[in-house]
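Colleague:
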């Protein structure tokens with residue numbers, strides 16, 4: 001097939017006719033927002049993780065898989081700077097999976113649930129008949145924080161500073177199974193200054209930044225030398241490409257006015273690094289200034305779910 | 311493995327330490343209830359459907375699968391007599407699935423979403439790498455109706471009348487792909503009279519009635535001749551066994567006081583049949599009075615998800 005996940009998402013968004021009163025945020029952000037009553041709303045996200053695609057049970061434990069499944073959705077809560085509320089988990093078990101395996105999976109789920117105060121409140125357990133892969137699907141609820149509205153992808157403005165948390169690339173080696181979703185940090189950032197656009201880095205910086213650009217009708221200019229490259233990415237043959245294009249960093253990508261960025265830097269007292277990597281531009285494309293001084297176009301090269309290619 | 315789904319659910323419930331203020335209804339009902347703000351709450355459920363287990367893509371269309379995935383969760387909303395709000399859908403695509411298949415699936419999802427005013431607000435699309443089955447997972451939100459609290463499984467009282475909607479058994483032939491979740495009828499029933507316990511019939515009458523009995527610390531006596539047996543079940547060698555034990559009826563099973571049942575019968579003007587099939591007893595087991603006058607113990611014989619056997 002030729003359609004990318006973004007093209008399909010855009011098609012789904014076009015098909016939906018969501019009333020803004022009932023659904024202030026619809027398809028296309030990290031979570032959708034659903035009005036429950038006057039002044040009360042929840043946000044919801046879902047992620048499916050598959051053996052052989054998002055983890056490999058030959059090397060990962062079921063505890064790690066349970067943790068990752070929860071942490072990926074918690075990262076969506078962080079992406080919009082919302083407060084996690086509860087999760088439900090559906091699992092498809094291969095033949096031979098039973099009580100022991102479920103309890104091991106549950107231990108990982110509970111580790112994330114306890115750490116982020118986001119309990120498991122329900123689920124569904126099913127066995128494949130005659131087929132073998134293990135799949136786990138999480139749906140998670142959050143609510144807006146008291147201090148700020150959920151932060152969307154579409155608010156980036158020309159001149160904004162583009163920032164990321166932590167360091168990027170090489171997640172497939174270790175981090176993708178044990179990352180910390182940036183829930184607390186996102187709430188602190190968006191609760192302290194005005195953030196214009198934010199998301200979590202799940203499919204690679206170049207792919208995810210392109211999403212903010214497209215939804216904000218803007219472009220971006222980033223500086224290669226500014227990108228925080230992880231130690232695991234530095235062990236690869238092309239560390240910059242790893243930091244630009246590899247998925248599952250689960251760090252925050254956000255844009256904000258220069259004054260807000262300066263204010264945030266002054267107040268920031270967390271261990272987690274915040275790094276300015278570029279600026280939002282009044283163009284329709286992304287560029288990157290390389291270390292040799294050349295500026296070249298940056299294209300989304302991250303993981304494309306629909307083709308399964310990196 | 312030896313643990314049943316019910317045993318695992320009980321174990322998960324035991325592990326959860328949910329604050330009743332934040333989670334008025336936790337693990338073990340058709341949906342969990344999450345407090346969002348003072349006086350505002352949502353309910354959430356999730357279901358995963360697997361090719362070869364819940365449907366067979368050699369005979370079912372993707373439109374039917376999309377409809378069924380939504381309808382199964384809508385049936386959970388009906389089971390607690392709550393108002394559907396929104397759904398998110400995660401899909402795992404086998405190699406070869408693309409835009410055409412996704413759009414066909416979406417058409418079925420949209421058919422259910424439109425019919426029950428429960429829009430699709432988000433999702434996740436992933437491709438299996440080198441593995442082939444198709445899986446779809448739905449998470450759905452609902453809210454309590456204005457007229458009544460969500461109806462749980464644990465409120466059945468000795469002396470209650472046990473009722474079902476529609477007719478039972480033989481769903482695997484046709485109905486499981488095209489059933490109507492009883493959302494409207496459940497809201498009408500629970501909005502008109504006091505219902506003590508309710509759920510939807512997903513795993514077969516004997517299995518699901520046992521769940522109400524166990525959670526209500528009660529027993530049941532049902533009358534074989536009263537059970538409404540579907541036309542498709544009547545074509546089988548043992549129609550009564552089909553109506554008792556086969557899954558995916560997606561009808562309502564509920565209990566209520568005799569006076570409430572009489573009141574409900576008087577006001578009921580819907581096409582859908584309501585049938586009294588027995589009474590709740592002050593025992594710890596289920597019995598069935600057969601047409602020859604004998605009364606025998608009824609054991610849960612429905613589909614057990616964890617073993618994959620019928």
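Residue numbers (our numbering), protein chains in the order written: chain A, 1 to 310; chain B, 311 to 620. Using N, Cα and C, we set each Cβ at its ideal position, and we do this for glycine too. All values derive from a computational prediction rather than experimental measurement.
#1: Identify, in the order they occur along the chain, each residue of the same chain with its Cβ nearer than 6 angstroms to the Cβ of residue 196 of chain A, setting aside the five sequence neighbours on each side.
#2: Give every residue of the same chain whose Cβ lies closer than 8 angstroms to the Cβ of residue 512 of chain B, excluding the five residues on either side of it in the sequence, and list them in chain order.
#3: Using only the heavy atoms of the ligand FMN, determine whether one of them is closer than 8 angstroms to the beta carbon of residue 44 of chain A.
#4: Using a Cβ cut-off of 7 angstroms, which residues of the region 44-66 of chain A contact any Cβ in chain B, in chain order?
#5: Let me see if you follow: with CB-CB separation under 9 angstroms, is residue 215 of chain A close to chain B or not?
#6: The beta strand (DSSP E) that contains residue 564 of chain B, what's its start and end?
#7: Quick check: the Cα distance between residue 510 of chain B and residue 550 of chain B, rounded to an integer number of angstroms?
#8: Let me see if you follow: with CB-CB separation under 9 angstroms, is residue 578 of chain B close to chain D or not?
#9: Specify, as a first and last residue, the run of the beta strand (DSSP E) that residue 599 of chain B falls within.
#10: Looking at the C-beta of residue 595 of chain B, does it have a partner C-beta in chain A at a distance below 9 angstroms?
#11: Hey, does residue 81 of chain A have any beta-carbon neighbour from chain B nearer than 9 angstroms?
#12: Give me the Cα-Cα distance between residue 184 of chain A and residue 78 of chain A, rounded to the nearest whole angstrom.
#13: Got a sec? Which residues, its chain only, sit under 6 angstroms from residue 289 of chain A by beta carbon, not counting five neighbours each side?
#14: When you check each C-beta in the region 112-124 of chain A against every C-beta of chain B, which residues fall closer than 8 angstroms?
#15: I need the boundaries of the alpha helix (DSSP H) containing residue 9 of chain A, first residue and last residue.
#16: Which residue wins for smallest C-alpha separation from residue 393 of chain B, given the options B/554, B/541, B/359 and B/352?
#17: Looking only at its chain, what residues have a beta carbon closer than 8 angstroms to the beta carbon of residue 182 of chain A, apart from the 5 residues adjacent to it on each side?
#18: Anything in chain A within Cβ reach of residue 322 of chain B, meaning under 8 angstroms, just list it in chain order.
#19: Measuring alpha carbon to alpha carbon, tell me which of B/336, B/322 and B/396 ends up nearest residue 33 of chain A.
#20: Which residue or residues does DSSP assign as beta-bridge partners of residue 589 of chain B?
#21: Indicate the three-state DSSP secondary structure (helix, strand or coil) for residue 31 of chain A in the structure shown.
#22: Whole-angstrom Cβ separation of residue 168 of chain A and residue 227 of chain A, contact assumed at under 8 angstroms?
#23: Taking only three categories from DSSP, how would you classify residue 127 of chain A?
#24: Could you confirm whether any beta carbon from chain A is found closer than 9 angstroms to the beta carbon of residue 443 of chain B?
#25: Measure how close the beta-carbons of residue 472 of chain B and residue 335 of chain B come, nearest whole angstrom, since I'm counting them as under 8 angstroms.
#26: By how many angstroms is the C-alpha of residue 140 of chain A removed from the C-alpha of residue 45 of chain A?
#27: Contact defined as beta carbons within less than 8 angstroms: I believe residue 660 of chain B pairs with residue 405 of chain B. What is the distance between those atoms, to the nearest angstrom?
#28: Can you tell me the Cβ-Cβ gap for residue 370 of chain B and residue 455 of chain B, rounded? I've got them flagged as a contact below 8 angstroms.
#29: Taking the straight line between their C-alpha atoms, what separation do you get for residue 307 of chain A and residue 106 of chain A?
#30: Along the region 126-154 of chain A, what residues have a CB closer than 8 angstroms to any CB found in chain B?
#31: Pull up the distance between the alpha-carbon of residue 134 of chain A and that of residue 220 of chain A, whole angstroms please.
#32: Helix, strand or coil, according to DSSP, for residue 114 of chain A in the structure here?
#33: Specify the secondary structure class of residue 227 of chain A as computed by DSSP and reduced to three states.
#34: Does residue 1 of chain A have its Cβ less than 9 angstroms from a Cβ in chain B?
#35: Are the C-beta atoms of residue 409 of chain B and some chain A residue less than 9 angstroms apart?
#36: In the DSSP assignment, find the unbroken alpha helix (DSSP H) run with residue 493 of chain B in it and report its ends.
Modeller: For this structure:
#1: Once the five neighbours on either side are set aside, the close Cβ partners of residue 196 of chain A are 155, 156, 157, 160, 255 and 256.
#2: The beta carbon of residue 512 of chain B sits closer than 8 angstroms to those of 382, 385, 518, 557, 558, 559 and 560, all from its chain and outside the five residues before and after it, given in chain order.
#3: Annotation note on the ligand FMN: not contained in the displayed structure, which lists no ligands.
#4: Here the close residues are 44, 45, 46, 47, 48, 50, 52 and 53.
#5: Under the Cβ criterion of 9 angstroms, residue 215 of chain A is not counted among the residues facing chain B.
#6: Unbroken beta strand (DSSP E) run through residue 564 of chain B: 562-566.
#7: Straight-line Cα distance between these residues: approximately 19 angstroms.
#8: Of the protein chains in the structure, A and B, none is chain D.
#9: Per DSSP, residue 599 of chain B is one residue of the beta strand (DSSP E) stretching across 596-599.
#10: Answer no: the Cβ-Cβ gap between residue 595 of chain B and chain A never drops below 9 angstroms.
#11: By the rule that beta-carbons nearer than 9 angstroms mark a contact, residue 81 of chain A does not touch chain B.
#12: Using only the alpha carbons, I get a separation of about 8 angstroms.
#13: Once the five neighbours on either side are set aside, the close Cβ partners of residue 289 of chain A are 223 and 295.
#14: Residues of the region 112-124 of chain A whose Cβ lies closer than 8 angstroms to any Cβ of chain B, in chain order: 119, 120, 121, 122, 123 and 124.
#15: Residue range 5-15 is occupied by the alpha helix (DSSP H) that includes residue 9 of chain A.
#16: Out of B/554, B/541, B/359 and B/352, B/352 has the C-alpha closest to the C-alpha of residue 393 of chain B.
#17: If you ignore the 5 residues before and after residue 182 of chain A, its C-beta comes within less than 8 angstroms of the C-beta of 75, 78, 165, 166, 200, 250, 251, 252 and 272, all in its own chain and listed in chain order.
#18: Residues of chain A passing the Cβ test: 106, 120 and 123.
#19: That would be B/396, whose Cα lies nearest to the Cα of residue 33 of chain A.
#20: DSSP lists B/471 and B/531 as partners of residue 589 of chain B.
#21: The three-state secondary structure of residue 31 of chain A, taken from DSSP, is coil.
#22: Their Cβ separation, rounded to whole angstroms, is 6 angstroms, which keeps residue 168 of chain A and residue 227 of chain A in contact under 8 angstroms.
#23: If DSSP states are grouped into helix, strand and coil, residue 127 of chain A belongs with the strands.
#24: Taking Cβ atoms only, chain A reaches closer than 9 angstroms to residue 443 of chain B, which makes this a yes.
#25: That pair is no contact at about 22 angstroms.
#26: Straight-line Cα distance between these residues: approximately 5 angstroms.
#27: No information on residue 660 of chain B is available, as it lies outside the stretch 311 to 620 that chain B covers here.
#28: Your pair residue 370 of chain B and residue 455 of chain B does not check out as a contact, with CB atoms roughly 33 angstroms apart and the cut at 8 angstroms.
#29: Because the pLDDT at residue 307 of chain A is just 44, under 50, the model does not fix this residue reliably, and the value given afterwards should be weighed accordingly. Rounded to the nearest angstrom, the two C-alpha atoms are 31 angstroms apart.
#30: Residues 126, 127, 128, 129, 130, 131, 132, 133, 135, 137, 139, 141 and 143.
#31: Those two C-alpha atoms are separated by around 39 angstroms.
#32: Note: residue 114 of chain A maps to helix in three-state DSSP.
#33: DSSP, reduced to helix, strand and coil, places residue 227 of chain A outside both helices and strands of the structure shown, so it counts as coil.
#34: Caution is warranted here: a pLDDT of 37 is assigned to residue 1 of chain A, below 50, making its placement in the model unreliable, and no coordinate value can be reported.
#35: With a threshold of 9 angstroms between beta carbons, residue 409 of chain B makes contact with chain A.
#36: In the DSSP assignment, residue 493 of chain B falls within the unbroken alpha helix (DSSP H) covering 493-502.
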